[in-house]
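Peer 1: The structure under discussion is supplied below as structure tokens; questions concerning it will follow.
Residue numbers (my numbering): 1 to 468.
What follows is the structure in structure tokens.
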């Protein structure tokens, strides 16, 4: 039996090596003439794809390339503005390891009733050199850190389940002393590192680009006045300086927005998004402010009108700008609802608590005491799975802001414990009542958007993209 397993592993390694060589040749072919050769490769890929959702994904990319010139400009940017070593490494790790081999491996576990994620978000440390207003992680103990060998074990366990995509949150991940060591130990993983930029200097950038398997994600709230108001005076300029270093070195990087009612129209407006493209950004993660963590304040949340506008705006941006932005809540239609609790991702905090989501600070298990596979079968995660998706209208995907009553049921049923001070406030009291009211008010608006989209009706664009 041992010899048979060893033989299968050797065969798998041979297949991976052969596939990597083919993909690297394809990338070199695309580099010679991106506009012409990308379409040829996608056409071939659609014919050869093994899994139905891979075929559909490629088909959608081809459709967007044909109908929206900005998508072609985005591809051209990838082929000309990113260091070739970074481009090849991330392409192999994300498309080959995470999406191809990883999906096949994940399906084996899912067929056995184990929801293996394709993405793990992990806080290697809770230490931070800023104190941002309304930080979602602001009430975690700031002195926790995952031991290197533990983090190494978790990522290795994830790979055995097909997870080759890891995002480091915090705290501030660049404060973690073993950051580069862990990424060097796992050259086959696609990493994202969220950062406030304060420790990103030339040496850091050179080392990151040299590795090739990591993208930086700069956290900001829009132009200078919004970012400095939330993060501290001078932070915006530090981010801009770090972006310049990454662009000059041809690193791959993006941004993470926390969208509030104050910055909504500015941060998603044409002027600021075009500015980010000029700075060299390739992608963005859009997070609506959620009242968890430090001093939760429902008044900071986007208004219902703004969320409705964002639901359409995010589609417009992807079709008209040469950068790709995801909206963590309004893209529920793409993800078919909530992706938490291992359905597509999970969160491990710096203390080791395995949480269903970075915004849901409850857990049954700690990764220090159990394997990743055991944690994925916790009562909390299973309670999520029994209810996902939480609504047939995927514009209401979230148990925190769209179905807070279900979140209370899940936590109560699973007897999950709070993982930070004040986490229970979203379950009971004034904050919980505010979330209930918010969810009830959003339901008819979401229903209207859903009905319009599925009737294929055209809607007026609403507020001007660059102004409130």
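Where is the CB? At the ideal position from N, CA and C, for every residue including glycine.
Keep in mind that this is a model prediction, so the values were computed, not measured.
In the structure shown, what three-state DSSP assignment does residue 264 receive?
Peer 2: Counting from 1 along the chain shown, the entry for residue 264 is found at position 264. Of the three classes helix, strand and coil, the one that applies to residue 264 here is helix, per DSSP.
Peer 1: If distances are taken between C-alpha atoms only, which option among 91, 330, 298 and 360 comes closest to residue 133?
Peer 2: Counted from its first residue, the chain shown places residue 133 at position 133. Of the listed residues, the one whose Cα sits closest to residue 133 is 298.
Peer 1: Would DSSP call residue 453 helix, strand or coil?
Peer 2: Here residue 453 refers to the residue found at position 453 when the chain shown is read from its first residue. Looking at residue 453 - three-state DSSP - the assignment turns out to be helix.
Peer 1: If you drop the 5 nearest sequence neighbours on each side, which residues of the same chain put their C-beta closer than 6 Å to that of residue 354?
Peer 2: Locating residue 354 in the chain shown gives position 354, where the first residue counts as 1. The answer, listed in chain order, is 348, 363, 365, 367 and 375.
Peer 1: So, using beta-carbon positions, are residue 146 and residue 125 closer together than 9 Å?
Peer 2: As a first step, residue 146 is located in the chain shown; it is residue number 146 there, counting from the start. As a first step, residue 125 is located in the chain shown; it is residue number 125 there, counting from the start. In contact: residue 146 and residue 125 (Cβ atoms closer than 9 Å).
Peer 1: Taking Cβ positions, are residue 171 and residue 127 nearer each other than 9 Å?
Peer 2: Looking up residue 171 in the chain shown gives position 171. Looking up residue 127 in the chain shown gives position 127. Yes; because the gap between Cβ atoms is below 9 Å, this pair is in contact.
Peer 1: Along the chain, where does the alpha helix (DSSP H) containing residue 311 start, and where does it finish?
Peer 2: The count along the chain shown starts at 1 and reaches residue 311 at position 311. It spans 304-320 - the alpha helix (DSSP H) in which residue 311 sits, taken as one unbroken run.
Peer 1: Anyone know if the C-beta pair for residue 61 and residue 90 falls short of 9 Å?
Peer 2: As a position in the chain shown, residue 61 is number 61, starting the count at 1. As a position in the chain shown, residue 90 is number 90, starting the count at 1. Not in contact: residue 61 and residue 90 (Cβ atoms no closer than 9 Å).
Peer 1: By Cβ distance, which residues of its chain are closer than 8 Å to residue 442, with the 5 residues on each side in sequence left out?
Peer 2: Translated into positions along the chain shown, residue 442 becomes position 442. So the list reads 304, 307, 396, 401 and 402, once near-sequence residues are dropped.
Peer 1: Am I right that residue 188 and residue 330 are in contact with their C-beta atoms under 8 Å? What's the rounded C-beta distance?
Peer 2: Along the chain shown, read from residue 1 onward, the residue named residue 188 stands at position 188. Along the chain shown, read from residue 1 onward, the residue named residue 330 stands at position 330. Not really, about 32 Å apart at Cβ, beyond 8 Å.
Peer 1: May I ask you to report which of helix, strand or coil DSSP gives residue 120?
Peer 2: Here residue 120 refers to the residue found at position 120 when the chain shown is read from its first residue. Residue state, collapsed to three classes: strand.
Peer 1: Do residue 242 and residue 201 have their C-beta atoms within less than 9 Å of each other?
Peer 2: Locating residue 242 in the chain shown gives position 242, counting from the first residue. Locating residue 201 in the chain shown gives position 201, counting from the first residue. The answer is yes: Cβ separation under 9 Å.
Peer 1: In angstroms, rounded to a whole number, what distance separates the CA positions of residue 433 and residue 411?
Peer 2: Position 433 of the chain shown, counted from the first residue, corresponds to residue 433. Position 411 of the chain shown, counted from the first residue, corresponds to residue 411. Spanning the two alpha carbons is a distance of roughly 17 Å.
Peer 1: Rounded C-beta distance between residue 389 and residue 352? I'm assuming under 8 Å.
Peer 2: For the purposes of this step, residue 389 is taken as the residue at position 389 of the chain shown. For the purposes of this step, residue 352 is taken as the residue at position 352 of the chain shown. That belief does not hold up - the Cβ atoms of residue 389 and residue 352 are roughly 29 Å apart, past 8 Å.
Peer 1: Only counting runs of 4 or more residues, tell me where the alpha helix (DSSP H) segments fall wholly within the stretch 235-285, in order along the chain.
Peer 2: As for any alpha helix (DSSP H) of minimum length 4 sitting wholly inside the stretch 235-285, the runs are 235-248, 264-267 and 270-279, ordered along the chain.
Peer 1: Quick check: what's the CA-CA separation for residue 277 versus residue 163?
Peer 2: Along the chain shown, read from residue 1 onward, the residue named residue 277 stands at position 277. Along the chain shown, read from residue 1 onward, the residue named residue 163 stands at position 163. Going from the Cα of residue 277 to the Cα of residue 163 covers about 30 Å.
Peer 1: Give the secondary structure of residue 448 by DSSP, where H, G and I count as helix, E and B as strand, and everything else as coil.
Peer 2: On the chain shown, residue 448 is found 448 positions in, with the first residue counted as 1. Note: residue 448 maps to helix in three-state DSSP.
Peer 1: For residue 161, collect the residues of the same chain with a Cβ closer than 6 Å to its Cβ; drop the 5 residues on either side in sequence, then sort them by chain order.
Peer 2: Position 161 of the chain shown, counted from the start, is the residue given in the question as residue 161. So the list reads 109 and 116, once near-sequence residues are dropped.
Peer 1: Which residue wins for smallest C-alpha separation from residue 118, given the options 379, 100, 130 and 135?
Peer 2: Reading the chain shown from its first residue, position 118 is the one you call residue 118. When each option's Cα is compared against that of residue 118, the closest is 100.
Peer 1: In whole angstroms, what separates the C-alpha of residue 325 from that of residue 418?
Peer 2: Reading the chain shown from its first residue, position 325 is the one you call residue 325. Reading the chain shown from its first residue, position 418 is the one you call residue 418. Pairing residue 325 with residue 418, the inter-Cα distance amounts to about 31 Å.
Peer 1: Along the beta strand (DSSP E) that carries residue 219, what are the first and last residues, could you check?
Peer 2: For the purposes of this step, residue 219 is taken as residue 219 along the chain shown, with counting starting at 1. It spans 214-220 - the beta strand (DSSP E) in which residue 219 sits, taken as one unbroken run.
Peer 1: Quick one: is residue 181 buried, meaning 16 or more other Cβ sit within 10 Å of its Cβ, or exposed?
Peer 2: For the purposes of this step, residue 181 is taken as residue 181 along the chain shown, with counting starting at 1. So residue 181 counts as exposed.
Peer 1: Hey, would you say residue 332 sits closer than 9 Å to residue 138, going by beta carbons?
Peer 2: Position 332 of the chain shown, counted from the start, is the residue given in the question as residue 332. Position 138 of the chain shown, counted from the start, is the residue given in the question as residue 138. A distance of 9 Å or more separates the beta carbons of residue 332 and residue 138.
Peer 1: Using a threshold of 9 Å, state whether the C-beta atoms of residue 322 and residue 74 are closer than that.
Peer 2: Counting from one through the chain shown, the residue named residue 322 turns up at place 322. Counting from one through the chain shown, the residue named residue 74 turns up at place 74. Closer than 9 Å, so yes.
Peer 1: Which residues in the same chain as residue 157 place their Cβ atom closer than 8 Å to its Cβ, once the five residues preceding and following it in sequence are excluded?
Peer 2: As a first step, residue 157 is located in the chain shown; it is residue number 157 there, counting from the start. Within the same chain, residue 157 has close Cβ partners 371, 372 and 373.
Peer 1: Looking at the strands, I want to know which residues DSSP matches up with residue 79.
Peer 2: Here residue 79 refers to the residue found at position 79 of the chain shown. In DSSP, residue 79 forms no bridge with anything.
Peer 1: Taking contact to mean 3 or more Cβ pairs, one atom from each stretch, closer than 8 Å, check whether the stretch 71-85 and the stretch 247-264 are in contact.
Peer 2: yes
Peer 1: Consider the Cβ of residue 194: report whether some Cβ of chain D lies at a distance smaller than 9 Å.
Peer 2: This model lacks chain D altogether, as it is built from one protein chain only.
Peer 1: Distance, Cα to Cα, residue 301 vs residue 93?
Peer 2: Position 301 of the chain shown, counted from the start, is the residue given in the question as residue 301. Position 93 of the chain shown, counted from the start, is the residue given in the question as residue 93. Rounded to whole angstroms, the gap between the alpha carbons of residue 301 and residue 93 is 36 Å.
Peer 1: Could you tell me if residue 192 is buried or exposed, where buried requires 16 or more neighbouring beta carbons within 10 angstroms of its beta carbon?
Peer 2: In the chain shown, the residue the question calls residue 192 occupies position 192. Under this definition residue 192 is a buried residue.
Peer 1: Determine, using beta carbons only, whether residue 256 and residue 176 come nearer to each other than 9 Å.
Peer 2: Residue numbering aside, residue 256 sits at position 256 when the chain shown is read from its first letter. Residue numbering aside, residue 176 sits at position 176 when the chain shown is read from its first letter. No.
Peer 1: Could you give the DSSP three-state label for residue 367: helix, strand or coil?
Peer 2: Numbered from 1 along the chain shown, position 367 holds the residue referred to as residue 367. In the structure shown, residue 367 sits in coil (DSSP, three-state: anything other than H, G, I, E or B).
Peer 1: My output table needs one value for residue 347: the three-state DSSP class, helix, strand or coil.
Peer 2: The residue you call residue 347 lines up with position 347 of the chain shown. Correct three-state label for residue 347: strand.
Peer 1: My output table needs one value for residue 324: the three-state DSSP class, helix, strand or coil.
Peer 2: As a position in the chain shown, residue 324 is number 324, starting the count at 1. The answer is strand: DSSP assigns residue 324 an E or B state.
Peer 1: Name the residue from 356, 112 and 141 whose alpha carbon lies nearest to the alpha carbon of residue 350.
Peer 2: Taking the first residue of the chain shown as position 1, residue 350 is located at position 350. Of the candidates 356, 112 and 141, the one whose C-alpha sits nearest the C-alpha of residue 350 is 141.
Peer 1: If the criterion is Cβ atoms closer than 9 Å, does the pair residue 185 and residue 152 meet it?
Peer 2: In the chain shown, counting from the first residue as 1, residue 185 sits at position 185. In the chain shown, counting from the first residue as 1, residue 152 sits at position 152. For the 9 Å CB-CB criterion, residue 185 and residue 152 form a contact.
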